[in-house]
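As you go down the protein sequences, you meet chains A and B in turn.
First residue of the first sequence: 40, per my numbering; consecutive thereafter.
First residue of the second sequence: 40, per my numbering; consecutive thereafter.
The beta carbon of each residue, even a glycine, is placed where N, CA and C say it ideally should be.
Protein chains: 2
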Amino acid sequence: MENKITIGLFGFGTVGQGLAGVLQRVENNKAEIKRICVKNADKPRTLPQEFFTVNPDDIFNDSKINLIVEVIDDDKAAYGIVTKALNKGLSVVSGNKKMLAYHLPELIELQQKTGAALLYDASACGSIPVIRNLEEYYDNDLLISVKGILNGSSNFILSKIFNENMRYDTALKMAQDLGFAESNPSFDVDGFDSLFKLVIITVHAFGEYVNPDKLLNFGISNMSENDIRFAIEKSRRIKLVGQVEKLSNDQITLFVLPQLISKDKYIYSVEDEFNGVVIKGEFYYKQFMFGQGAGSKPTGSAVLSDITARYHNYRYEYKKRNRIRKFHYTEDHIIRIYLRYENEDDLSLFNFQQITERYASDSYKYVVGNINLKDIIKIKDELHKRNLFLAAYPHN
Amino acid sequence: MENKITIGLFGFGTVGQGLAGVLQRVENNKAEIKRICVKNADKPRTLPQEFFTVNPDDIFNDSKINLIVEVIDDDKAAYGIVTKALNKGLSVVSGNKKMLAYHLPELIELQQKTGAALLYDASACGSIPVIRNLEEYYDNDLLISVKGILNGSSNFILSKIFNENMRYDTALKMAQDLGFAESNPSFDVDGFDSLFKLVIITVHAFGEYVNPDKLLNFGISNMSENDIRFAIEKSRRIKLVGQVEKLSNDQITLFVLPQLISKDKYIYSVEDEFNGVVIKGEFYYKQFMFGQGAGSKPTGSAVLSDITARYHNYRYEYKKRNRIRKFHYTEDHIIRIYLRYENEDDLSLFNFQQITERYASDSYKYVVGNINLKDIIKIKDELHKRNLFLAAYPHN
Chain A
40 MENKITIGLF GFGTVGQGLA GVLQRVENNK AEIKRICVKN ADKPRTLPQE
90 FFTVNPDDIF NDSKINLIVE VIDDDKAAYG IVTKALNKGL SVVSGNKKML
140 AYHLPELIEL QQKTGAALLY DASACGSIPV IRNLEEYYDN DLLISVKGIL
190 NGSSNFILSK IFNENMRYDT ALKMAQDLGF AESNPSFDVD GFDSLFKLVI
240 ITVHAFGEYV NPDKLLNFGI SNMSENDIRF AIEKSRRIKL VGQVEKLSND
290 QITLFVLPQL ISKDKYIYSV EDEFNGVVIK GEFYYKQFMF GQGAGSKPTG
340 SAVLSDITAR YHNYRYEYKK RNRIRKFHYT EDHIIRIYLR YENEDDLSLF
390 NFQQITERYA SDSYKYVVGN INLKDIIKIK DELHKRNLFL AAYPHN
Chain B
40 MENKITIGLF GFGTVGQGLA GVLQRVENNK AEIKRICVKN ADKPRTLPQE
90 FFTVNPDDIF NDSKINLIVE VIDDDKAAYG IVTKALNKGL SVVSGNKKML
140 AYHLPELIEL QQKTGAALLY DASACGSIPV IRNLEEYYDN DLLISVKGIL
190 NGSSNFILSK IFNENMRYDT ALKMAQDLGF AESNPSFDVD GFDSLFKLVI
240 ITVHAFGEYV NPDKLLNFGI SNMSENDIRF AIEKSRRIKL VGQVEKLSND
290 QITLFVLPQL ISKDKYIYSV EDEFNGVVIK GEFYYKQFMF GQGAGSKPTG
340 SAVLSDITAR YHNYRYEYKK RNRIRKFHYT EDHIIRIYLR YENEDDLSLF
390 NFQQITERYA SDSYKYVVGN INLKDIIKIK DELHKRNLFL AAYPHN
């Protein structure tokens, strides 16, 4: 490209406004917003009225526009916009993790077919350049795992609970007021947002795509005072963690679970709305990347990084997808979990291989034990219907 | 390039051997070492004898070789190798920070003239992809500062002193035995290594090159029990920090100094041979990157990342050098320092603007006060001749 980027923007919520703010601030502007497509024409806006339209074609038919930036909430509408743009040979920057997590293989093919590029570093971990680094810098077979706090909103809530004894509901409300939370809180606190990001990260880390519906995600909305006390007694904190790990030369496994994290782990100290990702490799041991993962301006500046990357014609090559010996997802993997449950019927759902710790009183019952991931996935839909909480409980 | 990389390697010390080890481990090999030029033909080697030569021309005249990797200690010899290669149109991967720090402007020009590329991510912070991220991801005007622990060896020593009460000499010896330290310890502990890395980082962060000789660097070799006690009493740790900071829209300042770092700072917790870099920006607040900065295999894997980047034809564009309003280095900047000195004559060297804390006993004298960086640079050569220790002492 290397000539000025003229943007057709879809969506003017938290991220869209953040982007506009960041673009105004940047000198030597390589990019400007020409038109913004929104759902509601009548809302008061921070930019002059002539920028706005409710008709997507005002953007698609504008021959001056050479980049589509899509930062809307609705994943189905986002899918329509992205595929339409790519099919027209227009490159796209997208922040829609749900849409990406469900459609990546098709969108990769579409890029190859049309030559247009799709960038989405902003979709995973906001301002931390995780995808770009996995794609470019960790472009070899030495990668062992990627593990991280991928959702700023739930981490904000957990921080308030663990550091300030705040109640869950108060903390959630505060996250929403500060603009960290998605419009549907379940998206954040039940681990869906983390899961979608993990699916995207896995494509760039190991070249393997797995449909989110096949994977285990469980969040923090069921967490109780007892679970918090258990963590503190063990000198750990509960963090909502997404992780993908190489198990052998052709197998990886991935899941999103609350985890009991010990003090000596980097992610133990990731607080508030921050995200932190630990990249582990055979020779470089561990690398830790840390930054603001949510919020208007940090995400806006991440979108800006994707935009300037397009200015330099950057595109993802999906290098790991071309690996000769491919990685495949397996759900056959033993993990140790902490399970707080209400009655024996709940407990009997879980096909533990071994129970190593057991506690029961009238008001609080838990077990710690080893269980196969596939046996949790089998009962995934049941988990959310019951008053129980589970967390991965790594040995160190 | 996109066809197999055939490497002519100069140097087979810690990093060279690390690289060979890493390359052996990697599957789907895109790169192999064809010939290795060493100083001493007779040393026992871990690879077959036919790999080795003492004649550089055996590499330069081998038409199969399409990439020079230079990982020797001697900066003058490195300069000769790199310029010869670039002039022949051969691309180079180099890890020699001293050579780079003194010759970057010329080497940038040479790349532009010949079309050959020079990559050196491995030269700054080993396995952490700092340069590549500054160049590609933080490609905008939002950057405020880059601050970090850039030298693994001195940080290892400081960690042993602060965490294990080890003596300085014992810790230094240990660092050397573990292969973290450069052959000349002053390079590490007096802040030269950090300074060279900072000069390189600054080119990619702000587009400005400053000759290392113009800059202030002071290290930890003069640190005493009293200085350590002072830090602990203030609930801080001494870390050797390199930092470059934007002061205005066209001014930056940079220096390497021991710093008294408080607990809530990310780099407070960077221990042992690890490096940690905090990238601060206007909208993304702070990003922290952390990883192994020294040692054979981590650095070897960083060199490998540069090699595979060449496989994909990657080159630095030096984008920030093309900024319309250029940044210029200024040494006119007030900082607060802690100064431990022996006698009034030492103290009178320092042109303090204000002294805010003063202590004197027979065995230990110090002041805390504000001083202009340029007034320290004036007496730079004098500092090392006297029994004194200074450290930046930020207000928070």
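- The residue from Lys73/A, Phe257/A, Tyr248/A and Gln215/A with its alpha-carbon nearest to that of phenylalanine 366/A is Tyr248/A.
- Judged by their CB atoms, leucine 286/A and threonine 292/A are nearer to each other than the 7 Å cut-off.
- For lysine 325/A, DSSP records a beta bridge to Lys319/A.
- Between glycine 128/B and chain A, the shortest Cβ-Cβ separation is not below 7 Å.
- Counting only unbroken stretches of 4 or more residues, the alpha helix (DSSP H) elements lying wholly within the region 141-212 of chain A are 169-175 and 191-203, in sequence order.
- DSSP places lysine 302/A outside both helix and strand once states are collapsed to three, so it counts as coil.
- Around phenylalanine 327/B, the same chain offers Tyr305 and Val317 as residues with beta carbons nearer than 6 Å, after the five sequence neighbours per side are excluded.
- Contact annotation: the region 113-121 of chain B touches the region 135-150 of chain B, with at least three C-beta pairs closer than 8 Å.
- Contact annotation: in the region 324-356 of chain B, residues whose CB is within less than 8 Å of a CB in chain A are Tyr324, Lys325, Gln326, Phe327, Met328, Phe329, Gly330, Gln331, Lys336, Pro337, Gly339, Ser340, Ala341, Leu343, Ser344, Thr347, Ala348, His351, Tyr353 and Glu356.
- Here histidine 243/A is buried: its Cβ has 16 or more other Cβ atoms, across all protein chains shown, within 10 Å.
- Any Cβ of chain A closer than 7 Å to the Cβ of serine 198/B would place that residue at the interface, and such an atom is absent.
- Contact with chain B is absent for proline 297/A, since none of that chain's Cβ atoms lies less than 7 Å from the residue's Cβ.
- Counting C-beta pairs closer than 8 Å gives fewer than three between the region 396-405 of chain A and the region 45-54 of chain B, which falls short of the contact rule.
- Counting the other Cβ atoms within 10 Å of the Cβ of glutamine 56/A gives 16 or more, which makes it buried.
- Secondary structure note for alanine 220/B: it is in no alpha helix (DSSP H), with a DSSP letter that is neither H nor E.
- No residue range can be given for threonine 85/A, since it is assigned to no alpha helix (DSSP H) and is classified by DSSP as neither H nor E.
- With respect to isoleucine 416/A, leucine 255/A sits close: the two C-beta atoms are nearer than 7 Å.
- At a cut-off of 7 Å between C-beta atoms, asparagine 179/A counts as an interface residue with respect to chain B.
- From the beta-carbon of tyrosine 176/B, the residues of chain A found nearer than 7 Å are Pro168, Arg171 and Ser344.
- In terms of Cα proximity to isoleucine 72/A, the closest of Ala80/A, Ala430/A, Lys103/A and Asn79/A is Lys103/A.
- Going by beta carbons, aspartate 289/A and arginine 364/A fall inside the 7 Å limit.
- When secondary structure is reduced to three states using DSSP, glutamate 370/A falls in the coil class, being assigned neither helix nor strand.
- Phenylalanine 90/B and asparagine 79/B have their C-alpha atoms spaced approximately 13 Å apart.
- Taking 4 residues as the shortest admissible run, the region 362-421 of chain B contains the following complete alpha helix (DSSP H) segments, listed from N- to C-terminal end: 383-387 and 412-417.
- Within chain B, the C-beta atoms nearer than 8 Å to that of valine 65/A come from Asn179, Asp180 and Leu181, in chain order.
- For alanine 70/A, the closest of Phe269/A, Ile107/A, Pro87/A and Asn94/A by C-alpha to C-alpha distance is Ile107/A.
- In this structure, the beta-carbon distance from lysine 404/A to tyrosine 432/A does not fall below 7 Å.
- Per DSSP, the unbroken beta strand (DSSP E) holding alanine 70/A starts and ends at 70-76.
- Valine 65/A sits in coil when the DSSP states are folded into three classes, being neither helix nor strand.
- Under the Cβ criterion (8 Å, minimum of three pairs), the region 222-237 of chain B does not count as touching the region 347-365 of chain B.
- By the C-beta density criterion, lysine 236/B is buried, having at least 16 other C-beta atoms within 10 angstroms.
- As computed with DSSP, isoleucine 277/A is found in a beta bridge with Leu299/A.
- For isoleucine 107/B, there is no enclosing alpha helix (DSSP H); the enclosing beta strand (DSSP E) covers residues 106-109.
- Look at glutamate 284/B here: in three-state DSSP terms it is strand.
- Close to phenylalanine 322/B, with beta-carbon spacing below 7 Å, are these residues of chain A in chain order: Val61, Lys336, Pro337, Gly339 and Ser340.
- Leaving aside the five residues that flank phenylalanine 428/B on each side, the residues in its chain whose CB is nearer than 7 Å to its CB run, in chain order, Asn261, Met262, Ser263, Asp266 and Arg379.
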